[in-house]
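Presented below is the structure to which this report refers.
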Amino acid sequence: MTKINLRAVDRFDRRHNNSDQESINAMLKTIGVESVDQLIDETIPSAIRSQQELDLPEALSEFDFIRDFKAIAGKNKVFKSYIGLGYNDTITPNVILRNIFENPGWYTAYTPYQAEIAQGRLEALINFQTVITDLTGMEIANASLLDEGTAAAEAMGVFYSLRKGKKKKTANKFFIDSNVFPQTIDVIKTRALPIGVELIIDDIANVDVTDETLFGILVQYPNNDGAVNSPEALIASAHENDVKVAVAADLLSLTLLKAPGAMNADVVCGSSQRFGVPMGYGGPHAGYFATREDYKRQIPGRIIGVSMDRRGKKGYRMALQTREQHIKREKATSNICTAQVLLAVMAGMYAVYHGPKGLTDIASKINGSAKAVANGIEQLGFKQENEVYFDSIKVAVDSEEQKAAIKAAAEAKSINFRYFETNHVGISIGESVSVEDIEEILSVFAEVSGKSFDLEAAVAELEVSFPEGVARDTEFLTHEVFNKYQMEHEMLRYIKRLENKDLSLVHSMISLGSCTMKLNATAEMIPVTWPEIGKIHPYAPVEQAQGYAEIFTNLEAWLSEITGFAGTSLQPNSGAQGEFAGLMAIRAYHENNGDFNRNVAIIPTSAHGTNPASAALAGMKIVLVSCDEKGNIDVEDLRNKAELHKDNLSCLMVTYPSTHGVYEESIKEITQIIHDNGGQVYMDGANMNAQVGLTSPGNIGADVCHLNLHKTFCIPHGGGGPGVGPIGVAAHLVPFLPGNPLIAEAGGEKAISSISAAPWGSASILPISYAYIAMMGPDGLKEATRTAILNANYIKARLEKVLPILYTNENGRCAHEMIVDFRQFKSAGIEVEDVAKRLIDYGFHAPTVSFPVAGTLMIEPTESESLEELDRFCEALISIRQEIQDVIDGRVDAQDNVLKNAPHTAEEALGDWDHAYTREDAVYPNDAVRSNKFWPSVSRVDNAYGDRNLMCSCIPTEAYADEAEIEA
Ligand SMILES: *Cc1c(COP(=O)(O)O)cnc(C)c1O
17 MTKINLRAVD
27 RFDRRHNNSD
37 QESINAMLKT
47 IGVESVDQLI
57 DETIPSAIRS
67 QQELDLPEAL
77 SEFDFIRDFK
87 AIAGKNKVFK
97 SYIGLGYNDT
107 ITPNVILRNI
117 FENPGWYTAY
127 TPYQAEIAQG
137 RLEALINFQT
147 VITDLTGMEI
157 ANASLLDEGT
167 AAAEAMGVFY
177 SLRKGKKKKT
187 ANKFFIDSNV
197 FPQTIDVIKT
207 RALPIGVELI
217 IDDIANVDVT
227 DETLFGILVQ
237 YPNNDGAVNS
247 PEALIASAHE
257 NDVKVAVAAD
267 LLSLTLLKAP
277 GAMNADVVCG
287 SSQRFGVPMG
297 YGGPHAGYFA
307 TREDYKRQIP
317 GRIIGVSMDR
327 RGKKGYRMAL
337 QTREQHIKRE
347 KATSNICTAQ
357 VLLAVMAGMY
367 AVYHGPKGLT
377 DIASKINGSA
387 KAVANGIEQL
397 GFKQENEVYF
407 DSIKVAVDSE
417 EQKAAIKAAA
427 EAKSINFRYF
437 ETNHVGISIG
447 ESVSVEDIEE
457 ILSVFAEVSG
467 KSFDLEAAVA
477 ELEVSFPEGV
487 ARDTEFLTHE
497 VFNKYQMEHE
507 MLRYIKRLEN
517 KDLSLVHSMI
527 SLGSCTMKLN
537 ATAEMIPVTW
547 PEIGKIHPYA
557 PVEQAQGYAE
567 IFTNLEAWLS
577 EITGFAGTSL
587 QPNSGAQGEF
597 AGLMAIRAYH
607 ENNGDFNRNV
617 AIIPTSAHGT
627 NPASAALAGM
637 KIVLVSCDEK
647 GNIDVEDLRN
657 KAELHKDNLS
667 CLMVTYPSTH
677 GVYEESIKEI
687 TQIIHDNGGQ
697 VYMDGANMNA
707 QVGLTSPGNI
717 GADVCHLNLH
727 KTFCIPHGGG
737 GPGVGPIGVA
747 AHLVPFLPGN
757 PLIAEAGGEK
767 AISSISAAPW
777 GSASILPISY
787 AYIAMMGPDG
797 LKEATRTAIL
807 NANYIKARLE
817 KVLPILYTNE
827 NGRCAHEMIV
837 DFRQFKSAGI
847 EVEDVAKRLI
857 DYGFHAPTVS
867 FPVAGTLMIE
877 PTESESLEEL
887 DRFCEALISI
897 RQEIQDVIDG
907 RVDAQDNVLK
917 NAPHTAEEAL
927 GDWDHAYTRE
937 DAVYPNDAVR
947 SNKFWPSVSR
957 VDNAYGDRNL
967 MCSCIPTEAY
977 ADEAEIEA
């Protein structure tokens, strides 16, 4: 008789992990070990192994999780929020909601480093950049930043690095109009402090542009009050004095208002949230950043540009990569890596769907609705103070009591207004507003004033009319793409067409070392688009967000347990922001101890580029330590440098297991040396997938660590964002966790100023990681780590027969990833890039190329790939190795071969064929491909051509026809 189990019949962990016992047995045999236990013992040093099991709730099934989580989310009260502050209710077009936001074909893609299999999202990002440049009136825009606050902080950073002449030495002041959003000011404070920029926060009327020490100014348009004031005269006088001006602007308002670019602004930045992206209690949304072409080398983040492929066809790719921190390291001016690609894609598509006329109509409706509310409120005897406004009005009230009465009456009707500290109430209108909503808003004021209003009169004769000087008189979004997809069928097919050009996790494994591309399970994604999660304003009263509070409390506790730390902050919205947050917490801790000169950060040369870039942003002096030939940190070098700098040592930044894919035996000694010399240990937790349940940063002796929830904890990469980079900290750093100027509940007792614009960062995607932990349970999580190590060592065992594997431990084991060396093929003319591109012909995305060692691939399979998929991948690489041998042995032409010409498109294979090898060798190199072919939409894209002929927005197709001819 079989016993019946009434619980957990369908276990989630068995679907997430590679759990087939027969496969595991076969893999163990190939690796040459008896059991997974033995493999783990041979892989992870016993000194750092956790002695206890994770203390986490038992695993839930998918069904049980969704049921329980619905109840938690239900504790969030979905009010109508007219709070503004840069966040407004918006309507996500359903065709975008279902086919992008809820579609793994879009959300599981990686950052578009392999341009040939990323043309869909690259085109979508070019659309986004065009929306930004057209509406702001600027020359060049990037493909998103993390939020409005960080975009404004980047503007300050760019201006600071652009100082020239006399100003280069003396100018250290940045003026912020006090009428900029308070959370933006707070984020800038954090960035200004460590680099010695002095902020002047005052009424813009008081700015002295002739001040020799002033280098930049930030104003908001429309401003924090909602008033529209032209910055044109200010910009002109600032420029006369070599002072640059950034304008934080509401993107939608720019359909009606004069573009800041037309007023000569140097940078225009802000958020694209109201272009169809839910408020989500703070994020994620795409921040934007636009500037002059002259400053293109200083622009933070990624820029998508147009180039050509090998056959002269238009091809998009990421432009000007040499600006990025991966290359510039501590000389980088920004640490941004993961950005907000998925949200930028959505915002760009919102503009494609509505077109210039639709966007203008939406903006006009919003403006008209705000006017109607203002009319009604004036009928009721209140004074509305904004002379010129777009969507936000500011109502004067008599007293604190009256303000409180309005708040009570509004909340009784499930309405949130903004309550200024002065006797004012703000009302900011979003896209979804209806005439009934206007009536309801007015009824609140009617109730408090005891008077009545005439709705009909309030909504009669509304007109868009802005005074000369702020009225828009230029066209925008004239390009074809914004004018041909207004029918849903066309839109649906356009979205699908782009999706089909991109290779994502729905096609095959993406074994990117360090980036941990694991399963993003559907059940984890379901809550993200629930209204209880999406429709909450980040500055709604916290009592209305009790569901969120419960999610944060639990998730913080779980992550603290997993990291072995005392506290966690969920605020940073990327790994790099986590690094910056952690370093700033360390800085505050030292200063709190009276150590004002601890500013040296020791960083191994193998560190990810964001480490030195973040340390530089945190005002630290960087001291590099080398690695030995086995890839381990040179402990003697580290000891010498720690001792040399012991009086001003701030911290060590270390990745564990190392970026070389091994668990350094000496890690405890290393953390001890740093502590003995007065420093703190910052652990880069991008490799947490090799630790969960088996060891932890706390265990190893770290003081602070960021996690990439978009790596280890299942938030999809979204094509290059969103991400979440929470930091875990030891008890002595808990008081310094980042706060928020408007929400007292966020942050520690001695909180540092904000890292992100919203108190809990990208709150609406935290349910994904929550779901993962809840459904895996402590055993499933530990098994995931063990399986990730098993899968990696299996690949290693198969590949090491034909390719050298760099850096293994003394038992010959790798961690959860390994580096495969291709440098020895250079003499035959084969570069690692050729291998990366050839993998596309086999249906695979390349592993990480040339990090942390140039000329190598770093492979990380993760726990959620089956033996079948691992084998398919190994066989592709083994076959490519043979193709390389054919070149080395002279059996094929050194230039005209399958590697150099990879990837091959269908168009090429079906056209005139003039290669020394067959069409079949090109596109069907093995049987697995034959039955499941992914066709790249362009041939290899020419990066250098694109950088020489920089083009970063939609341009007419004819331009390429000419260039193609020149090429031919
Ligand atoms: C991914 C990664 C980072 C940066 O994280 P983002 O979320 O992209 O900012 C930092 N360090 C390492 C080792 C990484 O792999």
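Heads up: the sequence shown begins at 17 in our numbering, then just goes up one per residue. A virtual CB, placed ideally from N, CA and C, is assigned to each residue, including glycine.
How many angstroms separate the CA atom of residue 312 from the CA atom of residue 944? The sequence position of residue 312 within the sequence shown is 296, counting from 1. The sequence position of residue 944 within the sequence shown is 928, counting from 1. For residue 312 and residue 944, the distance between alpha carbons rounds to 44 Å.
For residue 966, which of 571, 727 and 337 has the nearest alpha-carbon? For the purposes of this step, residue 966 is taken as residue 950 along the sequence shown, with counting starting at 1. Distance from the Cα of residue 966 is smallest, within the candidate group 571, 727 and 337, for 337.
Name, in chain order, the residues that DSSP records as bridge partners for residue 722. For this step, residue 722 is matched to residue 706 along the sequence shown. DSSP output for residue 722 lists 700 and 743 as bridge partner(s).
Assign residue 760 to one of two classes, buried (16 or more other C-beta atoms within 10 Å of its C-beta) or exposed (fewer than that). In the sequence shown, the residue the question calls residue 760 occupies position 744. The residue is exposed, with fewer than 16 neighbouring Cβ atoms inside 10 Å.
Between the CA atoms of residue 804 and residue 238 - distance to the nearest angstrom: Within the sequence shown, numbered from 1, the residue matching residue 238 stands at position 222. Within the sequence shown, numbered from 1, the residue matching residue 804 stands at position 788. In a straight line, the C-alpha of residue 238 is about 50 Å away from that of residue 804.
DSSP puts residue 667 in a beta bridge; with which residues? For the purposes of this step, residue 667 is taken as the residue at position 651 of the sequence shown. The secondary-structure analysis by DSSP pairs residue 667 across a beta bridge with 617 and 696.
Specify, as a first and last residue, the run of the alpha helix (DSSP H) that residue 352 falls within. As a working note, residue 352 is residue 336 in the sequence shown. That residue, residue 352, is in no alpha helix (DSSP H); it is neither H nor E in DSSP.
Which same chain residues, not among the five before or five after residue 942, have their C-beta less than 8 Å away from its C-beta? On the sequence shown, residue 942 is found 926 positions in, with the first residue counted as 1. Contacts found: 858, 891, 892 and 895.
Enumerated in chain order, which unbroken segments of the alpha helix (DSSP H) with a length of 4 residues or greater are wholly contained in the segment 621-687? Within the segment 621-687, the runs of alpha helix (DSSP H) that reach at least 4 residues and sit entirely inside it are, in chain order, 626-633 and 651-660.
What does the alpha-carbon distance come out to for the pair residue 639 and residue 601? As a working note, residue 639 is residue 623 in the sequence shown. As a working note, residue 601 is residue 585 in the sequence shown. Distance between residue 639 and residue 601, taken at the CA atoms: about 20 Å.
The alpha helix (DSSP H) spanning residue 341 covers which residue range? Working through the sequence shown from its first residue, we reach residue 341 at position 325. Counting along the chain, the alpha helix (DSSP H) containing residue 341 begins and ends at 341-344.
For a test of your reading of the model: does the CB of residue 354 fall under 7 Å from any non-hydrogen atom of ligand 1? Yes or no. On the sequence shown, position 338 is the one that residue 354 refers to. Because some heavy atom of ligand 1 lies under 7 Å away, the Cβ of residue 354 counts as near it: yes.
Evaluate residue 978 with the Cβ neighbour count: other Cβ atoms within 10 Å of its Cβ, from every protein chain shown; 16 or more gives buried, anything less gives exposed. To locate residue 978, count along the sequence shown from 1; it is residue 962. Any reading at residue 978 needs caution, since the residue's pLDDT is 45, under 50, leaving its predicted position unreliable; the model's value is listed next. Exposed, because fewer than 16 other Cβ atoms sit within 10 Å of the Cβ of residue 978.
Would a C-beta distance cut-off of 8 Å place residue 283 and residue 307 closer than the cut-off? The residue you call residue 283 lines up with position 267 of the sequence shown. The residue you call residue 307 lines up with position 291 of the sequence shown. Yes, the Cβ-Cβ distance between residue 283 and residue 307 is below 8 Å.
For the structure I just gave you, are there three or more beta carbon pairs, one from the segment 258-267 and one from the segment 114-122, closer than 8 Å? Because the criterion of three Cβ pairs below 8 Å is not met, the segment 258-267 and the segment 114-122 do not touch.
Excluding the five sequence neighbours on either side, which residues of its own chain have a C-beta within less than 6 Å of the C-beta of residue 584, listed in chain order? On the sequence shown, residue 584 is found 568 positions in, with the first residue counted as 1. Only 572, 575, 576, 742 and 744 meet the Cβ criterion.
So, at 7 Å on beta carbons, what are the nonlocal neighbours of residue 975 in its own chain, with the 5 sequence-adjacent residues on each side left out? As a first step, residue 975 is located in the sequence shown; it is residue number 959 there, counting from the start. Its pLDDT being 45, under 50, residue 975 is placed unreliably by the model, and the measurement read from it follows with that caveat. Scanning its chain for C-beta atoms nearer than 7 Å, with the 5 sequence neighbours on each side dropped, one finds no residue around residue 975.
Let me check you understand the geometry: is the CB of residue 105 closer than 7 Å to at least one non-hydrogen atom of ligand 1? As a working mapping, residue 105 is identified with position 89 in the sequence shown. Taken from the Cβ of residue 105, every heavy atom of ligand 1 lies 7 Å or farther away.
Please work out which residues of its chain come closer than 8 Å, Cβ to Cβ, to residue 973, disregarding the five sequence neighbours upstream and downstream, and give them in chain order. Stepping through the sequence shown from its first residue, residue 973 is reached at position 957. For residue 973, the predicted model reports a pLDDT of 49, less than 50, meaning its position is unreliable; a value from the coordinates is still stated below. Only 330 meet the Cβ criterion.
When DSSP labels each residue in this structure, what does residue 921 get in the three-state scheme? Taking the first residue of the sequence shown as position 1, residue 921 is located at position 905. Coil.
If residue 447 sits next to residue 378, beta carbons under 8 Å apart, how far is it from one beta carbon to the other, in whole angstroms? Taking the sequence shown and counting its residues from 1, the one referred to as residue 447 is at position 431. Taking the sequence shown and counting its residues from 1, the one referred to as residue 378 is at position 362. About 6 Å separates the beta carbon of residue 447 from that of residue 378, a gap short enough to meet the 8 Å contact definition.
Determine, using beta carbons only, whether residue 450 and residue 434 come nearer to each other than 8 Å. In the sequence shown, the residue the question calls residue 450 occupies position 434. In the sequence shown, the residue the question calls residue 434 occupies position 418. Against a cut-off of 8 Å, the Cβ pair of residue 434 and residue 450 comes out as no contact.
Where does residue 413 land, buried or exposed, given buried means 16+ other C-beta within 10 angstroms? Residue mapping note: residue 413 aligns to position 397 of the sequence shown, counting from 1. Buried.
Neighbour-count burial assignment, residue 466, 16 or more Cβ in a 10 Å radius: As a first step, residue 466 is located in the sequence shown; it is residue number 450 there, counting from the start. Around the Cβ of residue 466, a 10 Å sphere holds fewer than 16 other Cβ atoms; the residue is exposed.
Collapsed DSSP secondary structure at residue 975 in the structure displayed: By one-based count along the sequence shown, residue 975 stands at place 959. With a pLDDT of 45 at residue 975, under the threshold of 50, the modelled position of that residue is not reliable, and the figure given next carries that caveat. Assigned with DSSP and collapsed to three states, residue 975 falls in helix.
Which residues mark the beginning and the end of the alpha helix (DSSP H) in which residue 301 is found? Reading the sequence shown from its first residue, position 285 is the one you call residue 301. Looking at the DSSP string, residue 301 is not in any alpha helix (DSSP H), and its letter there is neither H nor E.
Between residue 739 and ligand 1, is there a pair consisting of the residue's CB and a ligand heavy atom that are separated by less than 7 Å? Taking the first residue of the sequence shown as 1, we reach residue 739 at position 723. In this structure, ligand 1 has a non-hydrogen atom nearer than 7 Å to the beta-carbon of residue 739.
Between residue 923 and the rest of its own chain, which residues show a CB-CB distance below 6 Å, the 5 nearest in sequence each way excluded? Taking the first residue of the sequence shown as 1, we reach residue 923 at position 907. Excluding sequence positions up to five before and after residue 923, its CB lies less than 6 Å from no other CB in the same chain.
Consult DSSP for residue 149 and reduce its assignment to one of helix, strand or coil. Here residue 149 refers to the residue found at position 133 when the sequence shown is read from its first residue. DSSP places residue 149 in helix when its eight states are reduced to three.
Hey, would you say the C-beta of residue 700 is under 7 Å away from at least one heavy atom of ligand 1? Counting from one through the sequence shown, the residue named residue 700 turns up at place 684. In this structure, the C-beta of residue 700 approaches ligand 1 to less than 7 Å from one of its heavy atoms.
Quick check: what's the CA-CA separation for residue 285 versus residue 275? The residue labelled residue 285 in the question sits at position 269 within the sequence shown. The residue labelled residue 275 in the question sits at position 259 within the sequence shown. Their backbone Cα atoms lie some 12 Å apart in a straight line.
Where does residue 660 land, buried or exposed, given buried means 16+ other C-beta within 10 angstroms? On the sequence shown, residue 660 is found 644 positions in, with the first residue counted as 1. Burial call: exposed.
Residue 671 beta carbon near ligand 2 (any heavy atom closer than 7 Å): Questions concerning ligand 2 fall outside what the structure shown contains, since the ligands it does hold are ligand 1.
Is residue 733 near ligand 1, in the sense that its beta carbon is under 7 Å from a heavy atom of that ligand? Locating residue 733 in the sequence shown gives position 717, counting from the first residue. Using a cutoff of 7 Å, the CB of residue 733 does not count as near ligand 1, since none of the ligand's heavy atoms is closer than that.
Give me the Cα-Cα distance between residue 69 and residue 790, rounded to the nearest whole angstrom. Here residue 69 corresponds to residue number 53 of the sequence shown, with the count starting at 1. Here residue 790 corresponds to residue number 774 of the sequence shown, with the count starting at 1. Answer to the nearest angstrom: the Cα atoms are 16 Å apart.
I'd like the ranges of any beta strand (DSSP E) spanning at least 3 consecutive residues and lying wholly in the segment 846-904. Counting only runs that start and end inside the segment 846-904, the beta strand (DSSP E) elements of at least 3 residues fall at 872-875.
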